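*Asks:*
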Amino acid sequence: MNEENYDYIMKLILLGDSSVGKTNILTKYLKNFFDPDSKATVGVEFGTKSVEIEGKKIKVQIWDTAGEERYKSITSTYYKGAKGAFIVYDITRKITFESIDKWIGDLKNNGDENIIIYLVGNKNDLNDKREVDKNEAMNKAEKYNIAFMETSALSGDNIQKIFQDLIEKVYVNFFRNSKANKEKEVNKGIELNKNNKENDNKTTDNNERKQKTERKCC
Ligand code: GTP
Ligand code: MG
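Printed below as a string of structure tokens:
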């Protein structure tokens with residue numbers, strides 16, 4: 070797909086405690102790359118991928134946020150405009166699973182109403198170190214009425230699947246058959262102007278503080 074030629078732009082975000090594997094999930098999806106020594110994300114980064122659903126070309130912009138608490142006030146300002154969110158925990162660290170309620174609360178406070186949430190239990194290649202029972206996670210997802218999947222950014226298990234699932238859900242809920250939605254996106258400046266050769270690493274928000282903490286990921 071020509072990078073400048075698309076019908077919709079879709080914003081997704083990755084949230085969750087530090088070191089659960091958000092950045093590696095994204096690089097695995099975009100570049101089939103896993104980094105065993107990846108550094109903690111500073112602020113936010115993002116990557117894009119072009120996908121096609123029902124003949125519609127969609128530019129998916131995926132924002133990878135820092136899980137460290139000290140970046141919280143900055144990262145939460147990036148929730149706006151996102152139509153889908155992955156909340157990631159590490160199946161080998163129960164404490165990261167216990168943070169899920171907090172992340173969901175954060176999204177409700179700072180994100181768009183009706184944002185579609187997807188719970189992801191990462192590092193399922195480390196089954197021998199498992200601290201979070203799969204059934205417990207399924208119950209949590211049921212409680213919030215959200216999708217759930219275990220993944221491994223290392224092996225690639227379910228990585229393509231979770232993105233496909235979420236992109237389709239967002240498409241069906243927000244874009245399919247809805248000219249109005251598309252116009253709304255344009256009005257909000259979320260859909261990029263097709264005549265504008267905007268770099269992928271620019272946001273529609275020029276807030277200086279944000280720009281200092283964001284960079285293109287992949
Ligand atoms: P912050 O940027 O600080 O929020 O962390 P993050 O959630 O982006 O974590 P990151 O992707 O940087 O991964 C943290 C560590 O976990 C790194 O050492 C990764 O190599 C490792 N890791 C990530 N995903 C997996 C996985 O699926 N399996 C295993 N075994 N290790 C993983
Ligand atoms: Mg990261």
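In this note's numbering, each number is its position in the sequence shown, counted from 1, plus 69.
For every residue, glycine included, the Cβ atom is placed at its ideal position computed from N, Cα and C.
As the structure is a computational prediction, the values presented were derived from the model and not from experiment.
Within the same chain, show all residues whose beta-carbon is closer than 7 Å to that of Tyr147, passing over the 5 residues directly before and after it, in chain order.
*Replies:* So the list reads Ile82, Val113, Trp132 and Thr134, once near-sequence residues are dropped.
*Asks:* Sort Glu211, Phe102, Arg245 and Gly124 by Cα distance to Ile186 and report the nearest one.
*Replies:* Among Glu211, Phe102, Arg245 and Gly124, the Cα nearest to that of Ile186 is on Glu211.
*Asks:* Please classify Asn191: does DSSP put it in a helix, a strand, or coil?
*Replies:* DSSP places Asn191 in strand when its eight states are reduced to three.
*Asks:* Between which two residues does the alpha helix (DSSP H) harbouring Ala210 extend?
*Replies:* Note, Ala210: alpha helix (DSSP H), Lys203 to Tyr213.
*Asks:* Hey, Gly190 and Ile164: beta-carbon distance below 8 Å or not?
*Replies:* No, the pair does not count as a contact, with Cβ atoms beyond the cut-off.
*Asks:* Give me whichever residues DSSP pairs with Gln130 in a beta bridge.
*Replies:* Partner(s): Lys80 and Thr117.
*Asks:* Whole angstroms are fine: how far does the CA of Leu84 sit from the CA of Asn178?
*Replies:* Their backbone Cα atoms lie some 14 Å apart in a straight line.
*Asks:* Let me check you understand the geometry: is the CB of Val89 closer than 7 Å to at least one non-hydrogen atom of ligand 1?
*Replies:* It does: the Cβ of Val89 is within 7 Å (strictly closer) of some heavy atom of ligand 1.
*Asks:* To the nearest angstrom, report how far apart Gly116 and Asp197 are at their CA atoms.
*Replies:* Spanning the two alpha carbons is a distance of roughly 32 Å.
*Asks:* Counting only the same chain and skipping the five closest in sequence on each side, list residues whose C-beta sits under 7 Å from that of Phe232.
*Replies:* Answer for Phe232: Tyr98, listed in chain order.
*Asks:* Regarding Thr144 and ligand 2, is the C-beta to nearest heavy atom distance less than 7 Å?
*Replies:* Outside the cutoff, so no.
*Asks:* If you draw a straight line from the alpha carbon of Asn265 to that of Ile78, how long is it in whole angstroms?
*Replies:* Bear in mind that a pLDDT of 33 at Asn265, under 50, signals an unreliable position, so the model cannot answer this.
*Asks:* Around the C-beta of Val241, are 16 or more other C-beta atoms found within 10 angstroms, so that it is buried, or is it exposed?
*Replies:* When all chains shown are included, Val241 counts as exposed.
*Asks:* May I ask whether a heavy atom of ligand 1 can be found less than 7 Å away from the beta carbon of Ser107?
*Replies:* For ligand 1, at least one heavy atom lies less than 7 Å from the Cβ of Ser107.
*Asks:* Between the alpha carbons of Lys203 and Ile215, how many angstroms are there, rounded?
*Replies:* Cα-Cα distance, rounded: 15 Å.
*Asks:* With distance defined between alpha-carbon atoms, name the residue in Leu188, Glu121 and Ala154 nearest to Glu167.
*Replies:* Glu167 has its Cα closest to that of Leu188, out of Leu188, Glu121 and Ala154.
*Asks:* Verify whether the separation of the beta carbon atoms of Gly153 and Leu235 is less than 8 Å.
*Replies:* Yes, Cβ-Cβ distance for Gly153 and Leu235 is below 8 Å.
*Asks:* For Asn275, I'd like the list of residues in its chain whose CB is within less than 8 Å of its CB, leaving aside the five on either flank, ordered along the chain.
*Replies:* Unreliable positioning characterises Asn275 in this predicted model, as indicated by a pLDDT of 36, which lies under 50. A coordinate reading is not provided.
*Asks:* Roughly how many angstroms separate the alpha carbons of Ser107 and Asn246, rounded to a whole number?
*Replies:* Distance between the alpha carbons of Ser107 and Asn246 is about 41 Å.
*Asks:* Exposed or buried, Glu219, counting other C-beta atoms within 10 Å across all chains shown (16 or more means buried)?
*Replies:* The residue is buried, with at least 16 neighbouring Cβ atoms inside 10 Å.
*Asks:* So the candidates are Arg199, Phe244 and Ser88; which of them puts its Cα closest to the Cα of Glu138?
*Replies:* Glu138 has its Cα closest to that of Ser88, out of Arg199, Phe244 and Ser88.
*Asks:* Taking Asp76 and Ile127 to be in contact with their CB atoms under 8 Å, please state how far apart those CB atoms are, rounded to whole angstroms.
*Replies:* Rounded, the Cβ-Cβ distance is 7 Å, consistent with contact.
*Asks:* Do you know offhand how far Ala151's Cα is from Ile184's?
*Replies:* The straight-line gap from Cα to Cα measures roughly 7 Å.
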